[in-house]
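A quick write-up on the structure given underneath.
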Amino acid sequence: MTRSPRTASTLVLFTLFVAAATMILSPAPCPGQDAPAASVDPELRAAADSFWHYAKIARYDLATTELQKVLAQKGRPAEVLQTLEAVAAERNDNLDEWLLRWSRIDAMKDPTVQLISILEQGRRTRVSDPAWIQSQIKRLGVNSRAFALAMQNLRYSGELAVPQMIDVLRDPNQRELQGAVRNALRELGRLALNPLVAATVMKDHDTLIDVSLILGDIGYDAAVPYLARLANSSDAPASVKSAATRALRQMGAGDPSGLNAANLFYELGEKFYYDHAAIKADPRSPTANIWLWQEDKGLTRTQVPPEIFNEIMAMRSCEYALKLNLDKPEAVSLWLASDYKREAELPEGANDPLKPIGTPSAHFYAVSSGVPYLNGVITRAIRDRSSPVALRATKSMQEIIGRSAITDQSGTNPVVDALRFPDRLVRFEAAFALAAALPQQEFAGKERVVPILAEAVAQTGRTSALVIYPTDAVAGIIEALRGPQMLVAGADTAEAAIAEALALPSVDVVVINADGFKGDEVERMLGLIAANPRLEGAVRLIVSQDAMWQARTANNSLMAVTKVKEGAALAPVIEEARKKTGSIPMDEALATQYALRASDYLLNLEINNNPVLDVSMAEPTLLAVLSNDIRPENVKAAGKVVARLPSKPAQQALLAKAGDEKTPEDARISLYKSVATSAKLHGNQLDAEQVQALQKAIQGGLSVELRSAAAEAHGALSLPADEAKRLIVDQSKILGGPKPAAAASAQ
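Numbering-wise (the numbering used here), the sequence shown opens with residue 342 and increments by one.
Below you can see the structure in the form of structure tokens.
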């Protein structure tokens, strides 16, 4: 979209205003405030002086020339900042106000914006400098004006200033400064919360009293578990307990004797897990800080990607809860879920410094913990619709789940519940877990396992759509949508469409033209879809002009709405609807992996003659795989399973696909071998015409490998002896004269 010049100008000015406003959080020196020392670089100082002079007298051409010299020093942002602050202070000017003014002048705009960016980098460097922080802390005790100015700067440092402020409270030689530091910590408020709660494990009881009272004054509920632990501790002295009790009452938390610190830490862990805790990573910093108290060093920090800050803090809260009460299984499950989520949310290419190479993964702790704790993780992930956590947890469950865990009738089974999860990968992994256990007793939900395994065999990485359109439009919409990236089937009624869905390997989206049917008919369609195991996890995309549908889809991840009605334009809408479930993307390589794994599980069930999971339920989907033009890997995988089904259509479908010249040769070879397997297990299920087609394949101009595979299938059929004799005679190139009587009579 092209913006008008006025709009573009407004956006630029707004951006500059925000940048300058951020800079003002750390004000430039004002009259009466000690100005920072001038830079020792005379060339930088001279250029900055000239820039400021020419800019103020509106000689913008000369100002820009001098400013370019300043910008050339962008690799030293702290020195540039210090120099510009000194120049502005000497003239009793406000640095940020003048830069904002010049950024609105066309001739000065671009270089001034660059300067603002460099100064911002300089401030970020400075506010994390321990020496600079220490200078601001010392100013706290000078007078009220110095306190106010120092606080403005310390707020910009935020939690990075807290360790040195705590050091002041611990130092008996700085008693004259301690009162001002206590007040400063209170004024930092939420910014100080993260390191302050980490400091509550210190052994310095006098400082611990200060920390407790400060947390009470700050007043955020995230401190309550830490204070409750101190107030109820058997190791803390009475003075510390009294301070913690006073802080809790001040916060309205009540009498600590009625507080269970373990439960409070678990609740705090849940708040972190759902990103609702009062303790947050500082959004002004590109990294987040995890604080640790060490008696010999005080507060130390580890910088982590902010995306995983809450997960690490949730795990820490669970660890506190378990130290206080080992009998808290829910804390173990939350810790595991947080570890899974931590792995999932770590940005690609980023490092987790708290998990160096060689550190056990979340999977390690999950399988070590056992089924009950993993059940808790899966239950939470299903409730949250969290695909990354559910996927990882069900994968771990495959390694440890046993038959007794499946058939336990004491309550719901989270792995079985995961068979209904919207994300197909979670459904697949749950089915893999249940199939791997080879259950020997009936369990609720068993009827879903095999169809889901068959659906996994059918995966190609392409979107599958089922459309329900009025009679006069359904054929056209199917034709318009069908393409290299989408498989499509459909009909003009829900019942007929569900039957047509068997021709698809799976269904990602059901598209219903709601404007083409009566309202009650659409509701009935939705009911039939929800009740169908193959369709219940698909997104329902409603095509309608009626605003009523928009309201219904607002909080339903399995429903979407569009006004787009025509075929070609509808394709990207279908793809976007598929993403609404939060499903993890599946490309062709991943689809192949799942197809091969699923076929192995189905084969294992059939070979073991599992009495609970009926592999024949996979037949419609697997035959659809053989009839569709999809990837050879899927065809081969499906063929190996179909070969074991005691079904005439199964054996005939194998031979039909093997004999199809459009099928790649490696797949044809595999399919002929599957025909041989089927024949050995179930005898000849082919009709005479198919047998003749097989014989032609053996005699035809095919490769030796393909003819050999066809010959294996032919031999396994145990055909009458005359058939074998005919093959030998017909292939002969050395016999002369008339054809043998048997051969002649056969013709």
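C-beta: ideal position from N, C-alpha, C; glycine also.
### Task
Identify the continuous beta strand (DSSP E) that holds Arg-642 and give its terminal residues.
Start and end: 639–645.
### Query
So, are the CB atoms of Ala-799 and Thr-962 less than 8 Å apart?
In this structure, Thr-962 lies closer than 8 Å to Ala-799 by Cβ.
### Message
Closest to Tyr-681 by C-alpha separation, out of Pro-729, Asn-666, Gly-560, would be which residue?
### Response
Pro-729
### Task
Kindly indicate which residue of Pro-670, Tyr-615, Ala-572, Glu-877 has the alpha-carbon position closest to the one of Asp-596.
When C-alpha distances from Asp-596 are compared across Pro-670, Tyr-615, Ala-572, Glu-877, the shortest belongs to Ala-572.
### Task
Go ahead and pull the three-state DSSP assignment for Cys-901.
The amino acid at residue 901 is misidentified as Cys; the sequence shows Ala. Correct three-state label for Ala-901: strand.
#### Entry: Three-way DSSP call (helix, strand, coil) for Gln-475 in this model
helix
### Query
Just checking my contact of Ala-502 with Ile-474 at CB under 8 Å: how many whole Å lie between their CB atoms?
5 Å
### Query
Leu-943 and Leu-732 look like a contact to me (Cβ under 8 Å); what is the Cβ gap, rounded to whole Å?
With a Cβ gap of about 21 Å, Leu-943 and Leu-732 do not count as contacting.
#### Entry: Whole alpha helix (DSSP H) elements within the segment 556–612, 4-residue minimum
Within the segment 556–612, the complete alpha helix (DSSP H) segments at least 4 residues long are 565–572, 579–592, listed from N- to C-terminus.
### Message
Which complete beta strand (DSSP E) runs does the segment 958–997 hold, if anything under 3 residues is left out?
### Response
Taken in chain order, the segment 958–997 contains no complete beta strand (DSSP E) segment of 3 residues or longer.
### Burial state of His-1055 (16 or more Cβ within 10 Å)
Under a 10 Å Cβ-count criterion, His-1055 is classified as buried, with 16 or more other Cβ atoms of the shown protein chains found around its own Cβ.
### Cα-Cα separation, Ala-678 to Gln-409
53 Å
#### Entry: Nearest neighbour of Asp-623, chosen from Arg-465, Gly-690, Leu-937, Ser-458 [CA to CA]
Arg-465
### Query
Start and end of the beta strand (DSSP E) containing Ile-809?
804–809
### Query
In three-state terms, what does DSSP make of Met-654?
If DSSP states are grouped into helix, strand and coil, Met-654 belongs with the helices.
### Task
Report all residues from its chain with a CB closer than 7 Å to the CB of Thr-933; omit the five preceding and five following residues, and keep chain order.
Same-chain partners within the cutoff: Arg-972, Glu-974.
### Query
Which whole runs of the alpha helix (DSSP H) in the segment 448–475 are 4 residues long or more, in chain order?
Segments of the alpha helix (DSSP H) lying fully in the segment 448–475: 450–468.
### Query
Looking at the C-beta of Asn-535, does it have a partner C-beta in chain C at a distance below 8 Å?
The structure shown contains no chain C; it is built from a single protein chain.
### Task
Could you have a look at Ile-883 and say whether DSSP puts it in helix, strand or coil?
strand
### Rounded Cβ spacing between Val-983 and Ala-994 (contact assumed at less than 8 Å)
7 Å
### Message
Based on DSSP bridge pairs, tell me the residues matched to Gln-505.
### Response
Gln-505 pairs with nothing; no bridge assigned.
### Task
Return the CA-CA distance between Arg-590 and Ser-580, expressed in angstroms with no decimal places.
15 Å
### Message
Using only CA atoms, which one of Asp-637, Ser-583, Asn-666 lies nearest to Tyr-607?
### Response
Asn-666
### Task
Report the three-state DSSP secondary structure of Asn-854 (helix, strand or coil).
Of the three classes helix, strand and coil, the one that applies to Asn-854 here is strand, per DSSP.
### Query
Which value, in whole angstroms, describes the spacing of the CA atoms of Asp-758 and Val-905?
34 Å
### Query
Quick one: is Asn-949 buried, meaning 16 or more other Cβ sit within 10 Å of its Cβ, or exposed?
exposed
#### Entry: Reduced DSSP category for Ile-631 - H, G, I as helix; E, B as strand; rest coil
Annotated three-state conformation of Ile-631 is strand, per DSSP.
### Message
Which same chain residues end up closer than 7 Å to Ser-710 when comparing Cβ atoms and leaving out the 5 residues on each side of it in sequence?
### Response
Val-673, Leu-677
### Task
Indicate whether Leu-440 and Thr-424 have their beta-carbon atoms separated by less than 8 Å.
Result no, Cβ atoms of Leu-440 and Thr-424 do not sit closer than 8 Å.
### Query
Can you list, in chain order, the residues of its chain whose CB lies under 7 Å from that of Ser-1011, leaving out five sequence neighbours each side?
Lys-977, Gly-980
#### Entry: Residues bridged to Leu-828 (per DSSP)
Under DSSP, Leu-828 shares a beta bridge with Ser-805.
### Query
How would you call Phe-773, buried or exposed, if buried means at least 16 neighbouring beta carbons within 10 angstroms?
Buried is the call here.
### Message
Helix, strand or coil for Phe-784? Go by DSSP, reduced to three states.
### Response
coil
#### Entry: Candidates Val-522, Pro-513, Ala-594, Gln-455, of which the one nearest Ala-487 by Cα
Val-522
### Query
Can you tell me the Cα-Cα spacing of Glu-528 and Ser-553, whole angstroms?
15 Å
### CA nearest to the CA of Ser-805, picked from Glu-836, Thr-643, Pro-627, Arg-765
Out of Glu-836, Thr-643, Pro-627, Arg-765, the CA that lies nearest to the CA of Ser-805 is found in Arg-765.
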